[in-house]
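Student: In terms of UniProt numbering, the sequence shown opens at residue 1 and continues consecutively.
Mind having a look at this structure? Questions to follow.
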Amino acid sequence: MKKIALLLTITTSACGLQLNAQEIEKENELNPVTVTASMIRQRASETGRNITVIKGEQFRQLPVHSLDELLRYLPGVEIQARGPMGSQSDIVLRGGTFQQVLVILDGMRLNDPNTGHFNSYIPIAPAEIERIEVLKGASSAIHGPDAVGGVINIITKSFAAQKGAEALQLSASTGAGEYGLWNADAGFLYSKNRLTLAGGVLHNQADGVQQRGTTGFFNNTTASVSANYHLSSKWNVAYRFAYDNRDFAAQNYYTTFLSDTASEEVTSRWHQLRIGYQDEQQSLSLDAGFKSVSDHYKYNNVSIANNSTSRLFQSRLIYQRKLSSSTNLVAGANLMDKNIESNDRGNHSLLIVSPFVSLSQSLWKGFTVRPSLQWVFFGSISNELAPQIDISQKAGQFQLRGSVGKTIRDADFTERYNNYNKALVTSGRIGNPNLNSETSVSYEAGADWFYGEHLKLSATFFQRYHKSLIDYSNTAYADMPRKDNLSPSGTYALAKNISSVETTGWETDVQYIHPFSAQHKLTASLGLVWLSSESSESTPSFYISSHAKLLTNFSVIWSLKNLSLSVNGMYKKREKQNLPAINATVSRDYFLINGRAQYAFWKQRLGVFVQVDNAFDQSYSDLLGTPMPGRWLMGGLQVRWSK
1 MKKIALLLTI
11 TTSACGLQLN
21 AQEIEKENEL
31 NPVTVTASMI
41 RQRASETGRN
51 ITVIKGEQFR
61 QLPVHSLDEL
71 LRYLPGVEIQ
81 ARGPMGSQSD
91 IVLRGGTFQQ
101 VLVILDGMRL
111 NDPNTGHFNS
121 YIPIAPAEIE
131 RIEVLKGASS
141 AIHGPDAVGG
151 VINIITKSFA
161 AQKGAEALQL
171 SASTGAGEYG
181 LWNADAGFLY
191 SKNRLTLAGG
201 VLHNQADGVQ
211 QRGTTGFFNN
221 TTASVSANYH
231 LSSKWNVAYR
241 FAYDNRDFAA
251 QNYYTTFLSD
261 TASEEVTSRW
271 HQLRIGYQDE
281 QQSLSLDAGF
291 KSVSDHYKYN
301 NVSIANNSTS
311 RLFQSRLIYQ
321 RKLSSSTNLV
331 AGANLMDKNI
341 ESNDRGNHSL
351 LIVSPFVSLS
361 QSLWKGFTVR
371 PSLQWVFFGS
381 ISNELAPQID
391 ISQKAGQFQL
401 RGSVGKTIRD
411 ADFTERYNNY
421 NKALVTSGRI
431 GNPNLNSETS
441 VSYEAGADWF
451 YGEHLKLSAT
461 FFQRYHKSLI
471 DYSNTAYADM
481 PRKDNLSPSG
491 TYALAKNISS
501 VETTGWETDV
511 QYIHPFSAQH
521 KLTASLGLVW
531 LSSESSESTP
541 SFYISSHAKL
551 LTNFSVIWSL
561 KNLSLSVNGM
571 YKKREKQNLP
581 AINATVSRDY
591 FLINGRAQYA
601 FWKQRLGVFV
611 QVDNAFDQSY
621 SDLLGTPMPG
631 RWLMGGLQVR
641 WSK
């Protein structure tokens, strides 16, 4: 309780997104225009959903090093980190598994066909990001498979650029710290007349803290470049290429064995193309994306490495039509071709096709209803209909909202085929090719309270009823459906469909803004989530039992002239776990706080900063056997120039 009291003391004056000079941005602060909920540009309050939006510039203002760390302190987002600074993290929303969150970049899916553990490897430099929209709750009717707990939508400056915009921006920062830490972040934006160019790079590396028989080293790099050209006032074409490499110590990332001193290297390449048309009444866009991911995983120095290459090709056609001042129609189709080549999982492929339609209708002043439907065909495995309806009603300072929808998710290649291609498996997680697609029905009801221009309070109650949820469960050798390459004396966790799982939760978000003057402002956000999950299985499955029961996260930014101070932190309560064999413990709860101080000079073009991660030197881990670093001190320089 003392930790919660301290957290609430820090954040009772919390506030929301950063004020911008332009009036339209000022209007967007607490009720921004979003595209995630419906693919139609709507105020967040009109969508019937709980949406959090932050500007990309907060990455350089807060004490974070990677995009998964930025997400970690957003209201309602749980990050289960295996390693620091982008090494690997699982993203969880509303108590789902990490495979039940869909990550998209400018409309294209990033979820990896091999495993959901790679979904946090977002192939975009932070300098390119315009904003991040976090949609909480069911979204399969709009976004298709995997959008169960919610959607992380990253929108970039170049793909969002309008014709005629002019800008020239350059930025760079570098820092160093304990344990051989060196990081760098740089980017540029050029926009004039019809052309917009953008790019950037992010790098984090360190020798790391001492672990059992190894060190927690990492060497992580992301680089991206993009262009958007307006062929006319109505047509545009945009393209992006990104390269992402993560090389890190992976001890006990996937096992709880004493002999595990693993290392892993994951390399991704991303291509994205958009051709778009828009006039006053309608728009048409054709998007295509290609992602290839090479994974090299070595369990220990004497083991044979697992080598896998997964590929995802996707395309999406969307047509939007404004039928009247109160009616908007969206229709389209998605195509996905997933495949993998692996010495561990074998060679497999899956074709997914999913047409969809959504209608947004304003029936009277302040009331909006949006029915949506998507029909997903998982190759020859199965097909599922995903209907949903969202409603929103404005009542003075209050916005009432509700949603009911069905979600769907099919197993990834690891869940179906893990350890299937090896000659002998003595222990570990085993895939199951006979898995059914999981489905759920979710509903939520909530309200937003807008107090003037400065304060927004949001509260949402939600429930999700799962059928055939996919998760790993300890299974005796005698009960394994396939024993061809298994040892009778082994210990196994089998991927299986769990009959039913019921999740109930309550989330509260606070956003507040107070610009005291042009050179003095305070911004912050606060989230509180309570969760409970009940399973039909007598033995708890792994990932369902690992989500937080109580989660609070916050961030605060205060600036006065040339001085800027920021903190972020979180409190998490979950099930306690203990494994003496590897001297590993997951504590019942922990409180984490980070801080950053920066001073700018030379017309605020040059700045120096100091930063501390885990200021209270908390010993903690999110998953059994993967301890996170204690207190970590660092400092550096930052340069910004714009015209």
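Using N, Cα and C, we set each Cβ at its ideal position, and we do this for glycine too.
Leaving aside the five residues before and after Ile24 along the sequence, list all residues of the same chain whose C-beta is less than 6 Å from its C-beta, in chain order.
Tutor: Confidence at Ile24 is low in this model, with a pLDDT of 36, below 50, so the placement of that residue is unreliable and no value is reported for it.
Student: So, with DSSP's three-state summary, where would you put Gln638?
Tutor: Strand.
Student: Taking C-beta to C-beta, are Met85 and Ser358 nearer than 9 Å?
Tutor: Not in contact: Met85 and Ser358 (Cβ atoms no closer than 9 Å).
Student: For Pro433, collect the residues of the same chain with a Cβ closer than 6 Å to its Cβ; drop the 5 residues on either side in sequence, then sort them by chain order.
Tutor: So the qualifying residues of the chain are Arg416.
Student: Let me confirm a value: Leu189 is counted as buried when at least 16 other C-beta atoms fall within 10 Å, else exposed. Which label applies?
Tutor: Answer is buried; the Cβ neighbour count reaches 16.
Student: Bridge partners of Leu273, per DSSP?
Tutor: Answer is Tyr239, Ala288, bridged to Leu273.
Student: Counting pairs of beta carbons, one from the segment 144–155 and one from the segment 171–181, are three or more of them closer than 8 Å?
Tutor: Touching, no.
Student: Quick one: grab the DSSP three-state call for Ala141.
Tutor: Of the three classes helix, strand and coil, the one that applies to Ala141 here is helix, per DSSP.
Student: Which residue comes first and which comes last in the alpha helix (DSSP H) that contains Thr97?
Tutor: It is not in any alpha helix (DSSP H) - Thr97 carries neither H nor E in the DSSP assignment.
Student: Within 9 Å (strictly less), CB to CB, does Tyr420 reach chain B?
Tutor: Looking at the structure shown, chain B is missing, and only one protein chain is on hand.
Student: So, using beta-carbon positions, are Ser473 and Thr539 closer together than 9 Å?
Tutor: Going by C-beta atoms, Ser473 is nearer than 9 Å to Thr539.
Student: Does DSSP put Leu258 in a helix, in a strand, or in coil?
Tutor: Reduced to three states, the DSSP call for Leu258 is coil.
Student: Consult DSSP for Arg60 and reduce its assignment to one of helix, strand or coil.
Tutor: If DSSP states are grouped into helix, strand and coil, Arg60 belongs with the helices.
Student: DSSP three-state label for Ala21, please.
Tutor: Bear in mind that the predicted position of Ala21 carries a pLDDT of just 33, short of 50, making it unreliable; the figure below should be weighed with that in mind. Note: Ala21 maps to coil in three-state DSSP.
Student: I need the DSSP call for Leu67, collapsed to helix, strand or coil.
Tutor: Helix.
Student: Give me, in chain order, the residues of the same chain whose beta-carbon lies closer than 7 Å to that of Lys496; leave out the 5 immediate sequence neighbours on both sides.
Tutor: Here the set comprises Asn432, Ser473.
Student: Would you give the residue range spanned by the beta strand (DSSP E) that Tyr190 belongs to?
Tutor: Note, Tyr190: beta strand (DSSP E), 181–192.
Student: In terms of residues, what are the limits of the alpha helix (DSSP H) holding Phe413?
Tutor: Its alpha helix (DSSP H) spans residues 413–417.
Student: In or out: Ile51 buried (at least 16 other Cβ within 10 Å) or exposed?
Tutor: It counts as buried.
Student: Say whether the segment 203–220 touches the segment 129–144, bearing in mind that this needs 3 or more beta-carbon pairs closer than 8 Å, one atom from each stretch.
Tutor: Contact between the segment 203–220 and the segment 129–144 is absent, because fewer than three Cβ pairs lie under 8 Å.
Student: Would Ala198 pass as a contact of Glu128 if the rule is Cβ separation under 9 Å?
Tutor: Contact: yes.
Student: Decide if Asn328 is buried, meaning its Cβ has at least 16 other Cβ atoms within 10 Å, or exposed.
Tutor: Answer is buried; the Cβ neighbour count reaches 16.
Student: DSSP three-state call for Ala14: helix, strand or coil?
Tutor: Low confidence applies to Ala14: its pLDDT is 33, below 50, so where it sits in the model is not reliable enough to give any reading.
Student: Between the segment 346–366 and the segment 331–338, can you find at least three pairs of beta-carbon atoms closer than 8 Å?
Tutor: Flag = yes, the segment 331–338 and the segment 346–366 touch.
Student: According to DSSP, is Ile544 helix, strand or coil?
Tutor: If DSSP states are grouped into helix, strand and coil, Ile544 belongs with the helices.
Student: Note the first and the last residue of the continuous beta strand (DSSP E) segment covering residue 655.
Tutor: Any property of residue 655 remains undetermined from this structure, which presents the chain solely from 1 to 643.
Student: Count the other C-beta atoms from every protein chain shown that fall within 10 angstroms of the C-beta of Asn347, then say buried if there are 16 or more, exposed otherwise.
Tutor: Burial call: exposed.
Student: Starting from Asn497, follow its DSSP beta bridges and name the residues at the other end.
Tutor: Bridge partners of Asn497: Ile470.
Student: Whose C-beta lies closer than 6 Å to the C-beta of Thr261 among residues of the same chain, with five residues either side of it excluded?
Tutor: Cβ within range, chain order: Gly213, Thr214, Gln251, Asn300.
Student: Go through its chain and collect everything with a Cβ distance to Asp412's Cβ below 7 Å, but skip five positions before and after it.
Tutor: Taken in chain order, the residues that qualify are Gln99, Pro113, Asn114, Thr115, Gly116.
Student: If you draw a straight line from the C-alpha of Val101 to the C-alpha of Ala223, how long is it?
Tutor: Using only the alpha carbons, I get a separation of about 24 Å.
Student: Applying the criterion that 16 or more other CB atoms from any shown protein chain within 10 Å of the CB defines a buried residue, is Pro481 buried or exposed?
Tutor: Exposed.
Student: Contact defined as beta carbons within less than 8 Å: I believe Ser440 pairs with Tyr465. What is the distance between those atoms, to the nearest angstrom?
Tutor: That belief holds up - the Cβ atoms of Ser440 and Tyr465 are roughly 6 Å apart, short of 8 Å.
Student: Could you compute how far the alpha carbon of Leu135 sits from the alpha carbon of Ser545?
Tutor: If you take the alpha carbons of Leu135 and Ser545, they lie about 23 Å apart.
Student: Just the C-alpha distance for Leu637 and Leu170, rounded to the nearest angstrom, thanks.
Tutor: For Leu637 and Leu170, the distance between alpha carbons rounds to 14 Å.
Student: Taking all protein chains shown into account, do 16 or more other C-beta atoms lie within 10 angstroms of the C-beta of Val151, making it buried, or fewer, making it exposed?
Tutor: The residue is buried, with at least 16 neighbouring Cβ atoms inside 10 Å.
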